[in-house]
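Beneath this line is the structure, given in structure tokens, with notes to follow.
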């Protein structure tokens, strides 16, 4: 080390541990009693971390609940980091060489409904023990995970001329594959079904070892006087994998819940085989019936009238099957939903670039114009690797390619009502690609590099540094963000896993136009008694932006006959849209439609001629779906359900909500007392014009995620949102679209 060589070595460690426990977490439900009378609520859980009462709840008039849903333990998580770099000055070059080691450790124990929710439709059902549907997490979900990251880099800041500086760099990154200390994570292998990492197979995926990330940039003082500067740059940035993306999708879906040790019942054989590992975790779901007689995976035999029963309410282990085997308990194990990771998974990366021109107009006023872009490559997302073929769930005649021109049977046989168009779930299961090889598996959520994203933006800003008490920043952005998914790690399966390109469209957070203006003005004062004409200032922030995108997905009707609409993390079916999306404007006021309440007009059945014409073009099956569900029409545009046995054509996020306008203003008055004491009075006005900013009708920030059965919103709320975002999200935060708020304050500054 010398004046031209400097070494910098840093080391750090962070520790995070947080426990969320319900008030009943110390109660072993098997020992729970009241006034000396034991209830014997055997949930099947023996791990004290999952103790507590089942969530017993009923609805109807008002809601009541005993027991809380889930414990949650985050950590202990530890992050170790060591970085070392050497900076060298050599003539016109400033070199920097270094490396980094990052060790991520996590004890993952996020478990929803481990104690089991038991919902009842009403109080009468609660007393009689007749439930709706229940779910229990079986087994121990705690996992001790680790993933390491290594990086090497070299960088050169080269001052080519006094006016031009060039930045060159190259970074290499290596992120190791996540591992569990006891090999308690599984995977799906298309050749062997459920396998356990570290036992039957190696790591979860093979790893990616060619992550070279070049960087380049320049700064050019055009005239040499610092008044006009051009900057440009670009580079590649690799993502570091998320534990959650692999381990805990929806808390129950992930590699840590893949039951490689589950019992498999297939082909009418009551003697089960084993999936091929030792992990015995999963989710047990059952529906309907009285608790005194209902059985599932070993049993729910607890009778509310018999407090001496020692039989668990829930089984301690799940089972998978093809639905042909009836166990002594009465259960018929059904195909299980699992997750798998592509063995050739690659590290996602973002390519970024920008071009910026900055001009000093005066000594205090400058203008900045920039183009910014990025492209996401090899982004991860889910598909259903076991998706049935199109129309696979309908009767055999529907699988005939000639059905569009000469349909036989199916729902058309019930004309004019067309009321039996629901696909058969057994037929859908039989139409799955792995039905013959792995009949005990249903949905296979497959994580792979199937997503991409793009962003292009023009950014303009004008900055006034303080002059005569006035300073402001004015900004405008014209941009477009596109993606195939806007989720972070809570992915959704597309309705058509064979063509994920259909999902490419505007991101939920895409804002085409955005204008902001922030101002601070210290009003010149003059001497007056009590400093009444001194110390005044104005502060203002104006925000205006175009509406956010929103999309609609039908999460009720299985038009395609693939069963994907019933998946745990479905993206929903799409309808057919014809016309201009602008016609489907978001409404913030009730309007008189033929439904009478508001929103985009709804037309039942075949009552709308334009809808009927579009439906007829897709054949009798299109008319059948229109007859059942009706359509929406506004201006020259219509939204109609797709023909049965087809995918809808509506793109992702094609509609737009209303623009956003907000003006916040504050007035302050300061009194100085001596040199070190100031008293300040503030009057702050949020949304001073009391302008209503309405939530998205469906999807996107501040809106619903989807709508189920559009005919259910007929004439009432489709495209209609009478709430501001603070009400929709139950989060009354200032600036979130709520009504005008005035805040007065007094500060003492010393």
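Residue numbers (this note's numbering): 504 to 1253.
All residues carry an ideal CB built from backbone N, CA and C; glycine is no exception.
Given the structure is predicted, the values throughout are model-derived calculations rather than measurements.
Just measuring C-alpha positions, the residue of 731, 721, 695 sitting nearest residue 763 is 695. Note on geometry: alpha-carbon atoms of residue 1007 and residue 730 lie some 42 Å from one another. Beta-bridge partners of residue 528 (DSSP): none assigned. By DSSP's assignment, residue 620 forms a beta bridge with 558. Note on the region 825–897: whole beta strand (DSSP E) runs with a minimum of 3 residues are 839–844, 852–863, 868–887, in chain order. Contact between residue 744 and residue 678 is confirmed by a C-beta separation of about 6 Å, below the 8 Å threshold. As far as DSSP is concerned, residue 1114 takes part in no beta bridge. The continuous alpha helix (DSSP H) containing residue 928 extends over residues 928–933. As DSSP reads the structure, residue 1035 sits in no beta bridge. Residue 558 counts as buried, since at least 16 other C-beta atoms from the protein chains shown sit within 10 angstroms of its C-beta.
The C-beta of residue 1149 has 16 or more other C-beta atoms within 10 Å across all chains shown, which makes the residue buried.
For residue 750, there is no enclosing beta strand (DSSP E); the enclosing alpha helix (DSSP H) has its first and last residue at 746–750. The alpha-carbon separation between residue 684 and residue 610 amounts to approximately 10 Å. Residue 1125: member of the alpha helix (DSSP H) spanning 1123–1132, first to last residue. Here the alpha carbon of residue 692 sits roughly 22 Å from the alpha carbon of residue 1002.
In the structure shown, the three-state DSSP call for residue 534 is helix.
In the structure shown, residue 943 falls within a coil segment according to DSSP collapsed to helix, strand and coil. Counting the other Cβ atoms within 10 Å of the Cβ of residue 942 gives 16 or more, which makes it buried. Residue 657 places its beta carbon less than 7 Å from that of residue 673. The region 924–932 and the region 851–869 do not touch, with fewer than three beta-carbon pairs separated by less than 8 Å. Inclusion of residue 784 and residue 554 in the CB contact set at 7 Å is not warranted, their separation being larger than that value.
Assigned with DSSP and collapsed to three states, residue 1119 falls in helix.
Proximity of the region 871–885 to the region 771–781 falls short of the contact definition, fewer than three beta-carbon pairs being nearer than 8 Å. Taking the C-beta atoms as reference points, residue 721 is found nearer than 7 Å to residue 669. Listed in chain order, the non-local C-beta contacts of residue 1180 below 6 Å within the same chain comprise 1253, local neighbours out to five positions each way being set aside. In the structure shown, residue 1177 falls within a coil segment according to DSSP collapsed to helix, strand and coil.
In the structure shown, the three-state DSSP call for residue 1074 is coil. For residue 601 and residue 711, the gap between their C-alpha atoms comes out near 21 Å.
In the DSSP assignment, the residues bridged to residue 656 are 601, 674. Around the Cβ of residue 825, a 10 Å sphere holds 16 or more other Cβ atoms; the residue is buried.
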